[in-house]
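Here my numbering is used: the first residue of the sequence shown is 1324, the next is one more, and so on. Structure first, commentary second.
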Amino acid sequence: MKALTHSSTIALYQALSPAQLAALIRADWRRIEPDQGGELFLFLKLNQRYAEMIARQWEVPLYGAGYVVRLILPESVMTYFDLETVAYEEHLEYRVPACELDHINSHLVGEVSIVSAFLNQQSYSIPAGTRPLASLIG
């Protein structure tokens, strides 16, 4: 299913491991990197809560921490990728091949922003426009 275009930009959410967050910080919040596990796809989610669920259920058990970031992209960039439903109607995500990350990164509107952090069984919401404390980065 292809996404419908209603406005010029779209907010997408991605769960990150601590290593991915560190790479994002090194790139001045302007470049998403694939996970170190050699994953072939990046799954950009339309729903922040869905990305938070992935961070809590996958990243925290594997790495002790998980983070959710928001990316703003032109909707026209995302029309090249399929929008898929995963298990539930609200679990919508774009399946982006890792080889397309340079294309995605080159079209980011502004900086990527961190919106949630999960450390073991603790969670934090990060107010918009602020930077996480160094203690949250892990």
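Where a beta carbon is used, it is the ideal one built from N, C-alpha and C, also for glycine.
* **Cα-Cα separation, Glu-1407 to Tyr-1417** => About 6 Å.
* Asked: Between the C-alpha atoms of Glu-1413 and Tyr-1373, what's the straight-line distance to the nearest angstrom?
  -> If I take the Cα positions, the gap works out to 8 Å.
* To do: In the DSSP assignment, find the unbroken alpha helix (DSSP H) run with Gln-1371 in it and report its ends.
  => According to the DSSP assignment, Gln-1371 belongs to the alpha helix (DSSP H) that extends over 1371-1377.
* To do: Over the uninterrupted alpha helix (DSSP H) stretch that includes Pro-1357, give me the two end residues.
  => Counting along the chain, Pro-1357 sits inside no alpha helix (DSSP H), nor does DSSP assign it H or E at all.
* Based on Cα-Cα distance, which residue from Lys-1368, Leu-1385, Asp-1405 lies nearest to Leu-1394? -> Per the C-alpha coordinates, the member of Lys-1368, Leu-1385, Asp-1405 positioned closest to Leu-1394 is Lys-1368.
* What's the gap between the Cα of Pro-1384 and the Cα of Glu-1398? -> So the two alpha carbons sit approximately 33 Å from each other.
* **Local Cβ density within 10 Å of Val-1392, reported as buried at 16 or more and exposed below that** => That one is buried.
* Endpoints, the beta strand (DSSP E) within which Val-1400 is located -> Counting along the chain, no beta strand (DSSP E) covers Val-1400; the unbroken alpha helix (DSSP H) around it starts and ends at 1398-1401.
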